[in-house]
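Protein chains in written order, with our numbering: chain A, 422 to 909; chain B, 12 to 502.
For glycine and all other residues, C-beta sits at the position ideal for the given N, C-alpha and C.
Below is one structure; the comments refer to it alone.
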């Protein structure tokens, strides 16, 4: 009955910052696959008497991300304590920025359904520490039926930037695009790896429905979203659940619901009469974080070209299609590889095709980073120049590329092997004579002046190039032919 | 004169000049300590064997030509909320009864680096909450000046240890008077430095924005040396200042009161202060005047009126959060249960004492949404107001004179009402609220031989003036002596 109800969605995204050490101590942040409780010290274990000291690198990465999102950076921000008891929270409080975050009021442009872009406002970006992890002692690692629970503090104190969007998202698909855009940005900046499966990018969604002209109903927070699919599916589920509820005359309660991957439903957590009171107050162990205008400017100067700007440049400056450009900018390293190849003289369209197919395919298959790709951008450029000039056929070029990649040989060596190498002048002359002998009629027409547009000599040149498999330049072939025809 | 009667700097001098070995100094103190401890219970953990080992190691190092100063061979007692690696650090609580610190507090590192020898961990009110050391899980400490009376608190064990001659020097911590008030009760000197002077790294937090480690001693010079050793920048405590520090010991020898102004607090006249303590303050003022100082009238109206209330909002607020880590999960006392909430309830219910619970509840309440502005935010305003009032006072005065305590040491159980106990802190909390340095000076004894005292409060980083004025007053009043012993049991 209220079909005109439309979703209002805002996302809170936690990005793990790529600092190397934790936000308030010197322990390593590398917890994936580590033996439990090895990267710990009195500070991140919350031992009596331990005090936090802020990691400058986390501030730097947070500032970079804030600037890239067009935020206003606060020169004075503050850390609060968020108090609650849970076994994975060593101190009994989480240190987090609260009413004075590092960055405020930014935006990010997101592709919408109609092929345009939509500007999504960013309310804030703040720094905080991660909690540890509970490992449940049941056979299947789940809470139910567990005989005991163990705490692993390796992740406790890993720096996070929480990025909160305004409720500007209007569909699950747009929400997905927003996460993709943010992830792209995070990776481009190098502030985090943005890996949702590994938990280094975590999404919580707030969703409510509103009719035209309404301010909107109570919002529901969805947690436990470990993939883009989960985000989209849970939002779709929640939209229909809330629509049904309202159409039956019910009201949506403000609550937190968990997404269940298996049943594909959201499930309300224990209904609480009141919201949990976190008793936020300024952390007396940490003086206000004061940064200078100069620090912010230094960060601004270090900002790399952002994905949007790069995509525009690829389209407008290099003549790529929107789709091609989008694929290339998805990963900063790939875009940089492409840029380097073009800078080394590779024809852009051809380079784009090769990077998207030959390079990306291999990277995906072998699950390696572009930085470790064995064929350097300038080698690729040299190869593609030869293809562009007709000197090499695409087939030969592919063979060369394969050898360059798998055997790590030099370009010259690859060319020698697959093209038989550059012919000597004697070989070239011999081939020329043979070609002329086999095409006496054409030669006579040329000598008889019946080739005003040079088409016939071009034909002979083509024959020779084919025979040479692109191992010699067209100019050299033409010169040989001319000498043999006219100077004999 | 027995070795345990000497000041710290004097003992260090004997050792430096080769007149005494560290082992001789330490052994004399350990023996005396073991004779007294059965009577006073100043320590939670005596560290006799560790002290002997350390003394031998220092003697070996000295024999090898090592240059260790300025506290080489000086026995010290460390309050039991300050971490000493490998030793229990209980905070006077059942919660940490068996917790052994895996690291040294920065202050302890500095003392050890200067050659000090830790002889024990001092008894205290649980988590430094109290003014009598009656709140220790391990039982109260007795006042060496009168064993029927409390030693003050919360650093009662440290103060009693210095008064009883276990050591010439002890570390305490002061959140609302916890160094100064027990020093006053036990007839020794105690200094709470400017907030940010001494690293809090390794001090188990009670109220982080108030807590400060400081020395207790029987000699103003010892406070000066200790401050030189302790007062260093530390990047493990972001609230510890990186401001360059000065030296004190030599400078205060030549301190002159000529041209200095001593602030006498106007609103103080009507307060309920023991007449003898009031007289001690007037006496101290006269000594300063005779030595060339001018007495000036200063106002601390709002500080006296509202400071204590603000303190008992803000300190519990911070405490309620600081003590959340005692949940039985990673360390300390734990009562396991099937359900998590039940485990928390039992662990904290049985592991923490009543005063600690009272302050956690108070703090939790004042931080609750809906009450935050009325309590916490308002108290923060009072805190700023206190700092402003002191700012104004220090425009006309170099040092402000106050009593340390409104009362002389009381009997065990005499002050049962928590509010009455909180009132003991009325003259000490202002310095903590404003982050100022303050020194309680022993000024002899009054009726029944009970110790008298005055408190000097200085500008931020004004320790030089405090120590200078104190050294002149000490010459007039005489330095306090350790008690000669009760002939108690050897423990």
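| task | Take the Cβ of residue 409 of chain B as the centre, count every other Cβ of all protein chains shown within 10 Å, and call the residue buried at 16 or more, exposed below. | result | The residue you call residue 409 of chain B lines up with position 398 of the second chain. It is buried - the Cβ of residue 409 of chain B has at least 16 other Cβ atoms within 10 Å.
| said: Residues of the segment 485-506 of chain A in Cβ contact with chain B at a cutoff of 9 Å, in chain order, please. | reply: 502, 504, 505, 506
| message | With a threshold of 8 Å between beta-carbons, can residue 241 of chain B be considered close to chain A, or not? | response | In the second chain, counting from the first residue as 1, residue 241 of chain B sits at position 230. No - not a single Cβ of chain A is within 8 Å of the one on residue 241 of chain B.
| field | Interface flag, residue 507 of chain B vs chain A, CB-CB below 8 Å | value | Lying outside 12 to 502, the shown extent of chain B, residue 507 of chain B is not represented and no answer is given.
| task | Just confirm the distance between the C-beta atoms of residue 130 of chain B and residue 177 of chain B, as a whole number of angstroms; I'd bet it's less than 8 Å. | result | As a working note, residue 130 of chain B is residue 119 in the second chain. As a working note, residue 177 of chain B is residue 166 in the second chain. Confirmed, Cβ separation roughly 6 Å.
| task | Confirm the yes/no value for this check: CB of residue 685 of chain A, any heavy atom of the ligand GTP, distance under 7 Å. | result | The ligand GTP is absent from the structure shown, which contains no ligand whatsoever.
| message | Can you look up residue 631 of chain A in the DSSP assignment and give me helix, strand or coil? | response | Taking the first chain and counting its residues from 1, one reaches residue 631 of chain A at position 210. Reduced to three states, the DSSP call for residue 631 of chain A is strand.
| In three-state DSSP terms, what is residue 43 of chain B? | In the second chain, residue 43 of chain B corresponds to position 32, counting from 1. Helix at residue 43 of chain B.
| task | Return the Cβ separation of residue 229 of chain B and residue 490 of chain B in integer angstroms, given the expectation that the two are a contact with Cβ distance under 8 Å. | result | Position 218 of the second chain holds residue 229 of chain B. Position 479 of the second chain holds residue 490 of chain B. Confirmed, about 6 Å.
| query | Between which two residues does the beta strand (DSSP E) carrying residue 110 of chain B extend? | reply | In the second chain, the residue the question calls residue 110 of chain B occupies position 99. Taken as a continuous stretch (DSSP letters only), residue 110 of chain B belongs to no beta strand (DSSP E), as it is neither H nor E.
| said: Once DSSP output is grouped into helix, strand and coil, what is the label at residue 625 of chain A? | reply: Here the question's residue 625 of chain A lines up with position 204 in the first chain. In the structure shown, residue 625 of chain A sits in a strand (DSSP, three-state: E or B).
| message | In this structure, how does DSSP classify residue 530 of chain A when only helix, strand and coil are distinguished? | response | Mapped onto the first chain, residue 530 of chain A falls at position 109. Three-state DSSP puts residue 530 of chain A in a strand.
| request: Could you spell out the range, first to last residue, of the alpha helix (DSSP H) harbouring residue 519 of chain A? | output: What you label residue 519 of chain A is simply residue 98 of the first chain in a count that begins at 1. No alpha helix (DSSP H) holds residue 519 of chain A; DSSP gives it neither H nor E.
| said: Can you pull the chain B neighbours of residue 716 of chain A, defined as C-beta to C-beta under 7 Å? | reply: Mapped onto the first chain, residue 716 of chain A falls at position 295. Chain B residues near residue 716 of chain A: none, gap ~17 Å exceeds 7 Å.
| Alpha-carbon to alpha-carbon, residue 770 of chain A and residue 933 of chain A | The displayed coordinates of chain A run from 422 to 909. Any statement about residue 933 of chain A would go beyond what the structure contains.
| said: Quick check on residue 847 of chain A: buried or exposed, where buried means 16 or more other Cβ atoms within 10 Å of its Cβ? | reply: Counting from 1 along the first chain, the entry for residue 847 of chain A is found at position 426. Label assigned to residue 847 of chain A: exposed.
| Own chain, CB closer than 6 Å to residue 446 of chain B, minus 5 neighbours either side, in chain order | For the purposes of this step, residue 446 of chain B is taken as residue 435 along the second chain, with counting starting at 1. Correct list, in chain order: 206.
| DSSP-derived helix/strand/coil call for residue 16 of chain B | The residue you call residue 16 of chain B lines up with position 5 of the second chain. If DSSP states are grouped into helix, strand and coil, residue 16 of chain B belongs with the helices.
| Nearest-angstrom beta carbon gap, residue 755 of chain A and residue 364 of chain A [assumed within contact, 8 Å] | The requested residue 364 of chain A does not occur in the structure, where chain A is confined to residues 422 to 909.
| Interface residues of chain A around residue 69 of chain B at Cβ under 8 Å? | The residue given as residue 69 of chain B occupies position 58 in the second chain. None at all; the shortest Cβ gap to chain A is about 25 Å.
| query | Alpha carbon to alpha carbon, what distance is there between residue 505 of chain A and residue 380 of chain B? | reply | Locating residue 380 of chain B in the second chain gives position 369, where the first residue counts as 1. Locating residue 505 of chain A in the first chain gives position 84, where the first residue counts as 1. Cα to Cα, residue 380 of chain B sits roughly 14 Å from residue 505 of chain A.
| Run of the alpha helix (DSSP H) containing residue 425 of chain B, from where it starts to where it stops | By one-based count along the second chain, residue 425 of chain B stands at place 414. Counting along the chain, no alpha helix (DSSP H) covers residue 425 of chain B, and no H or E run does either.
| message | Just checking: is the beta-carbon of residue 127 of chain B within a distance shorter than 8 Å of some beta-carbon in chain A? | response | The residue labelled residue 127 of chain B in the question sits at position 116 within the second chain. It does not; no Cβ of chain A falls within 8 Å.
| task | Tell whether a beta-carbon distance below 8 Å holds between residue 578 of chain A and residue 523 of chain A. | result | Translated into positions along the first chain, residue 578 of chain A becomes position 157. Translated into positions along the first chain, residue 523 of chain A becomes position 102. Taking 8 Å as the Cβ cut-off, residue 578 of chain A and residue 523 of chain A do not qualify as a contacting pair.
| task | Have a look at residue 887 of chain A and residue 833 of chain A and give me their C-alpha separation to the nearest angstrom. | result | In the first chain, counting from the first residue as 1, residue 887 of chain A sits at position 466. In the first chain, counting from the first residue as 1, residue 833 of chain A sits at position 412. Their backbone Cα atoms lie some 20 Å apart in a straight line.
| task | Drop a sphere of 10 angstroms on the beta-carbon of residue 907 of chain A, count the other beta-carbons inside from all chains shown, and report buried for 16 or more, exposed for fewer. | result | On the first chain, residue 907 of chain A is found 486 positions in, with the first residue counted as 1. That one is exposed.
| query | For residue 913 of chain A, which residues does DSSP report across the bridge? | reply | Chain A is shown only over 422 to 909; residue 913 of chain A falls outside these bounds and no answer can be derived.
| Buried or exposed: where does residue 30 of chain B fall if 16 or more other Cβ atoms within 10 Å of its Cβ makes it buried? | Numbered from its first residue, the second chain carries residue 30 of chain B at position 19. Exposed, since its Cβ has fewer than 16 Cβ neighbours within 10 Å.
| Contact set for residue 580 of chain A: own chain, Cβ-Cβ below 6 Å, skip 5 residues either direction | By one-based count along the first chain, residue 580 of chain A stands at place 159. Taken in chain order, the residues that qualify are 438, 440, 444, 479.
| query | Between the segment 453-475 of chain A and chain B, which residues of the former have CB atoms less than 8 Å from a CB of the latter, in chain order? | reply | 463, 466, 467, 468, 469, 470, 471, 472, 473, 474, 475
| said: For the structure I just gave you, are there three or more beta carbon pairs, one from the segment 359-377 of chain B and one from the segment 105-116 of chain B, closer than 8 Å? | reply: As far as the Cβ criterion goes, the segment 359-377 of chain B touches the segment 105-116 of chain B, which means the pair count is three or higher.
| Looking only at C-alpha atoms, which of B/290, B/76, B/181 sits nearest to residue 10 of chain B? | It is not possible to answer for residue 10 of chain B, since the shown part of chain B is limited to 12 through 502.
| Segments assigned beta strand (DSSP E), at least 3 residues, entirely inside the segment 343-430 of chain B | Taking only runs of at least 3 residues, the beta strand (DSSP E) segments lying wholly in the segment 343-430 of chain B are 410-413.
| Closest Cα partner of residue 431 of chain A within the set A/900, A/483, A/598 | Taking the first chain and counting its residues from 1, one reaches residue 431 of chain A at position 10. Ranking A/900, A/483, A/598 by Cα distance to residue 431 of chain A puts A/598 first.
| query | Looking at the structure shown, is residue 368 of chain A part of a helix, part of a strand, or coil, going by DSSP? | reply | Within the shown structure, residues of chain A are numbered from 422 to 909, placing residue 368 of chain A beyond reach of any answer.
| So, are the CB atoms of residue 465 of chain B and residue 452 of chain B less than 8 Å apart? | Start at 1 with the first residue of the second chain, and residue 465 of chain B comes out as number 454. Start at 1 with the first residue of the second chain, and residue 452 of chain B comes out as number 441. Result yes, Cβ atoms of residue 465 of chain B and residue 452 of chain B sit closer than 8 Å.
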